[in-house]
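One structure below.
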Amino acid sequence: MVEGEDGLGEYATELRDRFIPWLTASHPELGITDDTVWTGTIVSPQWLVVSHYLFFSEEWEMHLSWHVMILPYDWAKIDLRHRFDEFKPSYAFEISSLDANSEPVPIEVPETVWR
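In numbering that gives the first Met the number 0, the protein residues as written are 0 to 114.
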């Protein structure tokens, strides 16, 4: 992988899109739907045991992290921070196993913004 090249974006988008229908149905107050336009950016170009990616919509910053492992340790997490008026995330959700097609569930919101 070349420094600065985004080799994670396609997979990160697939993972993000596994949360969107659930967010639309379970948390309509967030206004996140299939029509929400996201811009993604790589946080770190290295593949680590836990990978990180950021997405931005007009209203939300979504930090996506995922564990590069096999079932049952193949989780993905998002935390959401309302842009421009929140300093830390206000919502967090996890898919406990990607291969098992687990549904997202709310989890404890991180105290800080990860970068």
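Using N, Cα and C, we set each Cβ at its ideal position, and we do this for glycine too.
Remark: C-beta atoms of Ile77 and Leu63 approach each other more closely than 8 Å. When DSSP reads this structure, His62 sits in a beta bridge with Leu53, Asp78. The beta carbon of Thr32 lies closer than 6 Å to those of Thr23 in the same chain, with the five residues before and after it left out.
Apart from sequence neighbours up to five positions away, the residues of its chain that approach His81 with a beta-carbon distance below 7 Å are Glu58, Trp59, Ser89, ordered along the chain. Here the alpha carbon of Glu28 sits roughly 29 Å from the alpha carbon of His66. Each of Leu53, Phe83, Pro105 was checked against the Cα of Glu93, and the nearest Cα belongs to Pro105.
DSSP links Glu93 through a beta bridge to Lys76, Val104.
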